[in-house]
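Participant: Numbering (full-length UniProt numbering) for the sequence shown: 1 to 327. Sharing a structure with you now.
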Amino acid sequence: MTAPAPSSISVVIPAYNAAEFIGDALNSVKAQDIPHLQIIVVDDGSSDGTAERVAAEHPDVELIRKANGGAATARNRGIAAAKGDYLAFLDADDIWLPGKLTAQWRHLQANPDIHLVCTGFERWQQTASGRYPSLEPLIAEAALIPDTELDTERSGWVYHQLLLDCHVWTSTVMLRRAILERIGTFDESLRLGQDYDFWLRASRVTPIHTLRRPMALYRLHPDSATVRGASVNYGARVLTRAVKQWGYSSPNGQSVRAQQVRKRIAGIHFDLGYRHYSNADYRLAAKDFASSLTQSPGQPRTWLYLIVSSVLMFAPRRSAPTARSRG
1 MTAPAPSSIS VVIPAYNAAE FIGDALNSVK AQDIPHLQII VVDDGSSDGT
51 AERVAAEHPD VELIRKANGG AATARNRGIA AAKGDYLAFL DADDIWLPGK
101 LTAQWRHLQA NPDIHLVCTG FERWQQTASG RYPSLEPLIA EAALIPDTEL
151 DTERSGWVYH QLLLDCHVWT STVMLRRAIL ERIGTFDESL RLGQDYDFWL
201 RASRVTPIHT LRRPMALYRL HPDSATVRGA SVNYGARVLT RAVKQWGYSS
251 PNGQSVRAQQ VRKRIAGIHF DLGYRHYSNA DYRLAAKDFA SSLTQSPGQP
301 RTWLYLIVSS VLMFAPRRSA PTARSRG
């Protein structure tokens, strides 16, 4: 199969205070075996010199600077500047493994009815010494899986699956630009979860395919947005809105039970409530515990946390009780 035409693929990288990691991300894009990529970094109001580092060390990259508005606004600015017929997304603290873009582009060429393809991924965590492991063993292990092998359990009309598990991860996605004409871009009212919302909307208009080989690394670090959390439970909001609009069935008729989805939403509320509780923010903790019980009342542990949070909310400020295992 022929290689992609020059600039037919645009890579969009939103970046906020990512100076420590942005170089690794960009180097992993440039290491892809596709020439003439359009690489766009959208600096979302960073204060740590992210934009300056990109400008100095990667002058070939298109750099857009904007006031801070969140990842959705940054991705949308990148989409607006993109010229390619295919778009790929990479978060500024993550890494692509070699061959990712070629495998996805070839898959889309061979499957014209598929408008979005993602890949497997691995979590990349610091060792006890504070360093991230070498890429070579990870690359070698991933290469044992053919880059054409489809994860059949996570491919097809997957809307109903996404209601229970968002297995699509942003840094693994390549899509045809044409899909944006049908579903729009990222919802800028969502500070978190805007990617989940986008995949759900996409799954209503196209089958989604997942290549089984891990082709990206999700870097775990304490400053990531998913670790910090938020005062609003965006994940629960996205799911609730999706169910209200489309119900529990994929376009091909496959479905999940309403009770399963309510349990999932309850779990999302509990998880964020527990995070707030551990941070001694008892007001927000009580709010999410109560919302969890609204979805699934039969949770003794959640009732206990709600009662304790409600009491501590009015107590003199002090450190949070020692967090115990949730198991």
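Heads up, the beta-carbon is just placed ideally off N, CA and C, and yes, glycines get one too. All figures in this text were calculated on a predicted structure; none of them were measured in a lab.
Is D195 helix, strand or coil when you go by DSSP?
Facilitator: Taking the sequence shown and counting its residues from 1, one reaches residue 195 at position 195. Three-state result, D195: helix.
Participant: Using DSSP's beta-bridge definition, name the partner residues of S255.
Facilitator: Here residue 255 refers to the residue found at position 255 when the sequence shown is read from its first residue. According to DSSP, S255 bridges with S249.
Participant: Alpha helix (DSSP H) containing P207: first to last residue?
Facilitator: The residue labelled residue 207 in the question sits at position 207 within the sequence shown. First-last for P207: undefined, no H or E at that position.
Participant: If T102 sits next to M215, beta carbons under 8 Å apart, how far is it from one beta carbon to the other, in whole angstroms?
Facilitator: Start at 1 with the first residue of the sequence shown, and residue 102 comes out as number 102. Start at 1 with the first residue of the sequence shown, and residue 215 comes out as number 215. Between M215 and T102 the Cβ distance is about 10 Å, and since that is not below 8 Å, they are no contact.
Participant: In three-state DSSP terms, what is T50?
Facilitator: Here residue 50 is taken as the residue at index 50 of the sequence shown, counted from 1. Correct three-state label for T50: helix.
Participant: Quick one: what does DSSP say Y86 is sitting in, helix, strand or coil?
Facilitator: The residue you call residue 86 lines up with position 86 of the sequence shown. Y86: strand per DSSP, three-state reduction.
Participant: Determine the burial state of N27: buried for a count of at least 16 other Cβ atoms within 10 Å of its Cβ, exposed for fewer.
Facilitator: As a position in the sequence shown, residue 27 is number 27, starting the count at 1. By the 10 Å Cβ count, N27 comes out exposed.
Participant: Nearest by alpha-carbon distance to A25: which of H36, I13, D33, P35 is it?
Facilitator: Residue mapping note: residue 25 aligns to position 25 of the sequence shown, counting from 1. Looking at the Cα atoms, I13 is the closest of the given residues.
Participant: What first and last residue would you give for the beta strand (DSSP E) that runs through F121?
Facilitator: Residue 121 sits at position 121 when you count from the first residue of the sequence shown. Where F121 is concerned, the enclosing beta strand (DSSP E) stretches over 116-124.
Participant: Going by DSSP, which residues form a beta bridge with W96?
Facilitator: Here the question's residue 96 lines up with position 96 in the sequence shown. A216.
Participant: Within 10 Å of its beta-carbon, does G253 have 16 or more other beta-carbons around it, so buried, or fewer, so exposed?
Facilitator: Translated into positions along the sequence shown, residue 253 becomes position 253. Classification of G253: exposed, given that the 10 Å Cβ count is below 16.
Participant: Given a cut-off of 7 Å on the beta-carbon distance, is the pair D151 and T210 in contact?
Facilitator: Taking the first residue of the sequence shown as 1, we reach residue 151 at position 151. Taking the first residue of the sequence shown as 1, we reach residue 210 at position 210. Against a cut-off of 7 Å, the Cβ pair of T210 and D151 comes out as a contact.
Participant: Provide the residue(s) that pair with M174 in DSSP beta bridges, ordered along the chain.
Facilitator: In the sequence shown, the residue the question calls residue 174 occupies position 174. Beta-bridge pairing links M174 to A88, V117.
Participant: Using 8 Å for Cβ pairs, my map puts A92 next to I22. What's the rounded Cβ distance?
Facilitator: As a working note, residue 92 is residue 92 in the sequence shown. As a working note, residue 22 is residue 22 in the sequence shown. That pair is a contact at about 5 Å.
Participant: V256 and Y196 - do their beta-carbons sit closer together than 7 Å?
Facilitator: Here residue 196 refers to the residue found at position 196 when the sequence shown is read from its first residue. Here residue 256 refers to the residue found at position 256 when the sequence shown is read from its first residue. No, the Cβ-Cβ distance between Y196 and V256 is not below 7 Å.
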